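Okay, structure first, notes after.
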């Protein structure tokens, strides 16, 4: 068992890395989060007006850069708790980004440690493009005398109010197999035996795939399909999703913020979620 | 796609096929690939979550590569011919693949291509290309006979319409198919198939598709062919792609994403199986044959 000390991870940071991507990568990602054939602007490199990139693509380079950090941790004790992305300008459909990853904070919750890590990207002119934050609950990692951190802001949809928008889509049965080609190779999302050992009947969908479906619906329903209006999306992973399940994502508009919730017929899967749009 | 689209050929004037194309060769190109490419290809021809050995390099019995994956390798030389034939209205018309050695989940293959023939078919011309894949030691891995129809470019004058070497006769089957598999092609399937290194707006750009006489983007003929290949491997080869030594078919009519595709196959006589595919509108793959080992 890997037993890295939490304080030793504080200050972990990668060198800035230049990552190049092509339209192939962002179209594969768009299909991986369920883009529909009529969303040509996300699927065709020569689409009128240019190819757009779903903002949650940011987690693909993030994952790539935090691989070394993940390798230091015992993944059986790690739970992906929350994800945040902030977009400063639309992600270019191809080209080079300079990206670095870092541990931003580690909070001590007694038994568990809560690790905030993420990536920051700039374009070829040095302008900021996006920032991501992954919140990981690391079981057995607490008790190192650290700061317990701020209490989470409760973000429930307003009681008794119908959502401003809601969209239900059935996740295709092979979606996890497609999504993993973006570089997310955890066997939990492909290997039936591994999934059984982890307590699931069958492979589960990547939490970040669900997050991507929700991001796409936010772009469609709260940004009128225009990614340049997207600013920020944060969500907590409340429960797993199985490929083949219907996913409902709803938004309650409150000023420039939409309270967001995602659910399957079994219950809520993304909670404490909000999106900021222009 | 020949029959259905000939009548729809847009009015844009296209030149007659140039017989000087015969004998043109591509610069050999190295094609390097890995499990991600193999999995993407399998998903793009309709492999599902249960077909785990086609989509996961960690599968218990190893990753299996569909024989038609060599059509992805062929795409590596495609751009070289595009310059020669961009003046024509090209649609894929058929393929025959011969596998000399089963494809590995990762590898590096040298791809050679040569235009073998230009056949006058009257309203269109058939461009016949031969593609070879070799390993690093020069050992043959696969070969492909690839036919493309140049719409409106036939009628070369003086040359009688003829049959290209190796063209198959229609299958004569007087009994119901032994295997019939029907699947709905997802609406996004052409966009996914395009990620196999295809660069043809006909399959994704609605305006371009309309300019070529189609109501909307059509599925790649080789994608339909890949669906049929997968069904034959699964249903006639017990899931073992190394048993499929040769497979060929003619693309007779376009398939649209969203169509219901039925693949029908007749178990082998003397090691040769017959197959065809159709949608709700009619036949789309004809003259299908497969040599099983």
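Residue numbers (the numbering used here), protein chains in the order written: chain Z, 1 to 278; chain V, 279 to 571.
The beta-carbon is built from N, C-alpha and C at its ideal position, and this holds for glycine as well.
Just so it is clear, the structure is predicted and the values come from calculations on it, not from any experiment.
>> Quick check on the burial criterion: 16 or more other C-beta atoms within 10 angstroms. Buried or exposed for residue 474(V)?
In response: Taking the second chain and counting its residues from 1, the one referred to as residue 474(V) is at position 196. Answer is buried; the Cβ neighbour count reaches 16.
> Using the C-alpha atoms, what's the distance from residue 192(Z) back to residue 356(V)?
Replying inline: What you label residue 356(V) is simply residue 78 of the second chain in a count that begins at 1. What you label residue 192(Z) is simply residue 192 of the first chain in a count that begins at 1. Near 38 Å, if we compare the C-alpha coordinates of residue 192(Z) and residue 356(V).
> Taking C-beta to C-beta, are residue 506(V) and residue 470(V) nearer than 8 Å?
Replying inline: Taking the first residue of the second chain as 1, we reach residue 506(V) at position 228. Taking the first residue of the second chain as 1, we reach residue 470(V) at position 192. Against a cut-off of 8 Å, the Cβ pair of residue 470(V) and residue 506(V) comes out as no contact.
> Taking C-alpha atoms, which residue in 39(Z), 217(Z) and 248(Z) lies nearest to residue 267(Z)?
Replying inline: The residue given as residue 267(Z) occupies position 267 in the first chain. Out of 39(Z), 217(Z) and 248(Z), 248(Z) has the C-alpha closest to the C-alpha of residue 267(Z).
>> Whether or not the region 116-134 of chain Z and the region 87-98 of chain Z are in contact is what I'm after, with contact meaning three or more pairs of Cβ atoms, one per stretch, closer than 8 Å; do they touch?
In response: Cβ pair count under 8 Å is three or more, so yes.
> Sorted by chain position, which residues of the same chain lie with C-beta nearer than 6 Å to residue 40(Z)'s C-beta, five sequence neighbours on each side aside?
Replying inline: Your numbering for residue 40(Z) matches position 40 in the first chain. Counting only Cβ-Cβ distances below 6 Å, and skipping sequence neighbours, we find 47.
> Going along the chain, which residues of its own chain have a beta-carbon closer than 8 Å to the beta-carbon of residue 67(Z), five neighbours each way excluded?
Replying inline: Taking the first residue of the first chain as 1, we reach residue 67(Z) at position 67. Hits under 8 Å: none found.
>> Give the list of continuous beta strand (DSSP E) stretches no shorter than 3 residues that lie fully inside the region 373-404 of chain V.
In response: 385-398
> Is residue 80(Z) close to chain V, meaning its C-beta is less than 8 Å from at least one C-beta of that chain?
Replying inline: On the first chain, position 80 is the one that residue 80(Z) refers to. Not closer than 8 Å to any Cβ of chain V, the Cβ of residue 80(Z) fails to qualify, so no.
> Buried or exposed: which applies to residue 96(Z), given that a residue is buried once 16 or more other Cβ atoms fall within 10 Å of its Cβ?
Replying inline: As a first step, residue 96(Z) must be located in the first chain, where it is residue number 96. That one is exposed.
> By DSSP, does residue 14(Z) sit in helix, in strand, or in coil?
Replying inline: Translated into the one-based positions of the first chain, residue 14(Z) becomes position 14. Three-state DSSP puts residue 14(Z) in coil, outside helix and strand.
> Going by other Cβ atoms of all chains shown within 10 Å of its Cβ, with 16 needed for buried, is residue 298(V) buried or exposed?
Replying inline: Translated into the one-based positions of the second chain, residue 298(V) becomes position 20. Exposed is the call here.
> Thinking C-beta only, is residue 241(Z) closer than 8 Å to residue 190(Z)?
Replying inline: By 1-based counting over the first chain, the position of residue 190(Z) is 190. By 1-based counting over the first chain, the position of residue 241(Z) is 241. Contact: no.
> Grouping DSSP H, G and I as helix and E and B as strand, with all else coil, what is residue 364(V)?
Replying inline: Numbered from its first residue, the second chain carries residue 364(V) at position 86. In the structure shown, residue 364(V) sits in coil (DSSP, three-state: anything other than H, G, I, E or B).
> How would you label residue 196(Z), buried or exposed, when you count the other beta carbons within 10 angstroms and need 16 or more for buried?
Replying inline: Here residue 196(Z) refers to the residue found at position 196 when the first chain is read from its first residue. It counts as exposed.
> Is the Cβ-Cβ distance between residue 491(V) and residue 173(Z) less than 8 Å?
Replying inline: What you label residue 491(V) is simply residue 213 of the second chain in a count that begins at 1. What you label residue 173(Z) is simply residue 173 of the first chain in a count that begins at 1. Pairing residue 491(V) with residue 173(Z) gives a Cβ-Cβ distance that is not under 8 Å.
>> Contact criterion: CB-CB distance below 8 Å. Does residue 29(Z) meet it with respect to chain V?
In response: Numbered from its first residue, the first chain carries residue 29(Z) at position 29. No, because no Cβ of chain V sits closer than 8 Å to the Cβ of residue 29(Z).
> Taking only beta-carbon atoms, is residue 191(Z) less than 8 Å away from chain V?
Replying inline: Within the first chain, the letter at position 191 stands for residue 191(Z). So yes, residue 191(Z) belongs to the interface.
> What are the residues of the region 163-184 of chain Z that lie near chain V, defined by any Cβ-Cβ distance shorter than 9 Å?
Replying inline: 172, 173, 174, 175, 176, 177, 178, 180, 181 and 183
>> For residue 550(V) and residue 360(V), what's the separation of their Cα atoms in angstroms?
In response: Start at 1 with the first residue of the second chain, and residue 550(V) comes out as number 272. Start at 1 with the first residue of the second chain, and residue 360(V) comes out as number 82. Cα to Cα, residue 550(V) sits roughly 34 Å from residue 360(V).
>> Could you check whether residue 152(Z) and residue 272(Z) sit closer than 8 Å to each other, using their CB atoms as the reference points?
In response: Position 272 of the first chain, counted from the start, is the residue given in the question as residue 272(Z). Position 152 of the first chain, counted from the start, is the residue given in the question as residue 152(Z). Yes, they are a contact pair.
>> For residue 133(Z), report the span of its beta strand (DSSP E) as first-last.
In response: Position 133 of the first chain, counted from the first residue, corresponds to residue 133(Z). Counting along the chain, the beta strand (DSSP E) containing residue 133(Z) begins and ends at 128-138.
> Are the CB atoms of residue 569(V) and residue 528(V) nearer to each other than 8 Å?
Replying inline: Locating residue 569(V) in the second chain gives position 291, counting from the first residue. Locating residue 528(V) in the second chain gives position 250, counting from the first residue. A distance of 8 Å or more separates the beta carbons of residue 569(V) and residue 528(V).
>> According to DSSP, simplified to helix, strand and coil, what is residue 297(V)?
In response: Sequence index remark: in the second chain, residue 297(V) carries index 19 (1-based). Three-state DSSP puts residue 297(V) in a helix.
> Quick one: is residue 208(Z) near chain V, going by C-beta distance under 8 Å?
Replying inline: Counting from 1 along the first chain, the entry for residue 208(Z) is found at position 208. Interface residue (Cβ-Cβ distance to chain V less than 8 Å): residue 208(Z) is not classified as such.
> Per DSSP, which one or two residues make a beta bridge with residue 544(V)?
Replying inline: Here residue 544(V) refers to the residue found at position 266 of the second chain. Paired residues: 552(V).
> Skipping 5 residues on each side, what residues in its chain have a beta carbon closer than 6 Å to that of residue 199(Z)?
Replying inline: Counting from one through the first chain, the residue named residue 199(Z) turns up at place 199. Cβ neighbours of residue 199(Z) beyond the five flanking positions: none.
>> Could you tell me the alpha carbon to alpha carbon distance between residue 134(Z) and residue 213(Z), rounded to whole angstroms?
In response: Position 134 of the first chain, counted from the first residue, corresponds to residue 134(Z). Position 213 of the first chain, counted from the first residue, corresponds to residue 213(Z). Cα to Cα, the separation comes out at about 17 Å.
> Under 7 Å Cβ-Cβ, which residues of chain Z neighbour residue 535(V)?
Replying inline: As a working mapping, residue 535(V) is identified with position 257 in the second chain. 37, listed in chain order.
>> Quick check on residue 499(V): buried or exposed, where buried means 16 or more other Cβ atoms within 10 Å of its Cβ?
In response: On the second chain, residue 499(V) is found 221 positions in, with the first residue counted as 1. Under this definition residue 499(V) is a buried residue.
>> Does chain V have any CB closer than 8 Å to the CB of residue 105(Z)?
In response: Indexing the first chain from 1 puts residue 105(Z) at position 105. No, because no Cβ of chain V sits closer than 8 Å to the Cβ of residue 105(Z).
> Of all the CB atoms in chain V, is at least one closer than 8 Å to the CB of residue 24(Z)?
Replying inline: As a position in the first chain, residue 24(Z) is number 24, starting the count at 1. Closer than 8 Å: yes.
> Which term fits residue 454(V), buried or exposed, when burial requires 16 or more other beta carbons within 10 angstroms of its beta carbon?
Replying inline: By one-based count along the second chain, residue 454(V) stands at place 176. It counts as exposed.
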